[in-house]
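Input: a single structure, listed below in structure tokens.
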Amino acid sequence: LQAMNTGHDGSLTTIHANTPRDVLSRLEVLVLMAGLDLPVAAIREQVASAVDVIIQQTRFPCGSRKITRITEVVGVESGTVQLQNLFRFEQQGVDQERRVYGRFLATGAIPTFYDELRDMGVELDLSFFSLEGQGTTP
């Protein structure tokens, strides 16, 4: 967490948690277990500053793993880290081989970092985040 906040762009890590909200709680606990004498409010500010996006992967009973949620960390408000879901997996059923299938859906939320992506030369049509015409089947 400390290294992620040193001003160098581009960090990636993994953590075991059930939901994006649980990721934040788990990070708080890990910092506290490290013996750092930081108030929880300071830890939350550090987390919100260091983490931009949480990508949740879920292992289904059939053994397959799918990205089930992409969530943006948007800051801290009233002492709570604020999250914005950008995409989610919607399970539609189980096929004849008992494998989970479904589709990945946008929530309609535009990420707060959209302009930053555009400024870096990443051309991404806003319709990518639209609720209209969705339904890619992974």
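Taking my numbering, the leading residue of the sequence shown gets 1, the next gets one more, and so forth. For glycine and all other residues, C-beta sits at the position ideal for the given N, C-alpha and C.
{"query": "Could you name the residues that DSSP lists as bridge partners for Gly75?", "result": "Gln82"}
{"query": "For Ile15, does the count of other Cβ atoms within 10 angstroms reach 16, so buried, or fall short, so exposed?", "result": "exposed"}
{"query": "Just mark Leu124 as buried or exposed, buried being the case when its beta carbon has 16 or more other beta carbons within 10 Å.", "result": "exposed"}
{"query": "By alpha-carbon positions, which one of Thr6, Ser127, Met120, Gly102 ends up nearest to Ala109?", "result": "Ser127"}
{"query": "Does DSSP put Ile43 in a helix, in a strand, or in coil?", "result": "helix"}
{"query": "Tell me whether the beta-carbon of Arg21 lies closer than 7 Å to the beta-carbon of Cys62.", "result": "no"}
{"query": "With DSSP collapsed to three states, give me the class of Ala50.", "result": "helix"}
{"query": "Got a sec? Which residues, its chain only, sit under 6 Å from Ser11 by beta carbon, not counting five neighbours each side?", "result": "Met4"}
{"query": "With DSSP run on the structure shown, which of helix, strand or coil describes Arg21?", "result": "helix"}
{"query": "Starting from Leu117, trace the beta strand (DSSP E) in both directions and tell me its first and last residue.", "result": "Careful: Leu117 lies outside any beta strand (DSSP E), inside the alpha helix (DSSP H) at 114-119."}
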